[in-house]
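> Once you've had a glance at the structure underneath, I'll fire off some questions.
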Amino acid sequence: MVLLSEIPNANAGGAIGAGLAAMGAGIGVGQIGKGAVEAIARQPEALNDIRSNMILTAALVEGAALFAIIVGFLAMVL
1049 MVLLSEIPNA NAGGAIGAGL AAMGAGIGVG QIGKGAVEAI ARQPEALNDI
1099 RSNMILTAAL VEGAALFAII VGFLAMVL
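Here it is in structure tokens:
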């Protein structure tokens, strides 16, 4: 059985993948915040609903990014 760490440049690929996952999550959460602020500006009375949906969506994006970062780190280690 061949481990990924024995393949040349596998460590670099894992590091790049983890970095891209973190950057993608940052951009995604920024877009979620931007959309929420714009929605609150249009409908201030819906503040609580928009805020709760924003927090839930941001948590889901961060969870997916965490899995991607862990996979990237595992590609470097294994």
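In our numbering, each residue carries its 1-based index in the sequence shown increased by 1048.
Beta carbons: idealized from backbone N, C-alpha and C, even for Gly.
What is the DSSP secondary structure of residue 1055, reduced to helix, strand or coil?
coil
> Within 10 angstroms of its Cβ, does residue 1120 collect 16 or more other Cβ (buried), or is it exposed?
buried
> Would you check if the distance between the CB atom of residue 1067 and the CB atom of residue 1123 is smaller than 8 Å?
Not a contact, by the Cβ cut-off of 8 Å.
> Touch check for the segment 1095-1110 and the segment 1068-1077: three-plus C-beta pairs under 8 Å?
yes
> May I ask which residues mark the beginning and end of the alpha helix (DSSP H) holding residue 1095?
Following the DSSP letters along the chain, one finds residue 1095 inside the alpha helix (DSSP H) bounded by residues 1095-1125.
> Please report how far the alpha carbon of residue 1113 lies from the alpha carbon of residue 1091, in whole angstroms.
30 Å
> Just to confirm before moving on: does the CB-CB distance between residue 1070 and residue 1109 stay below 8 Å?
no
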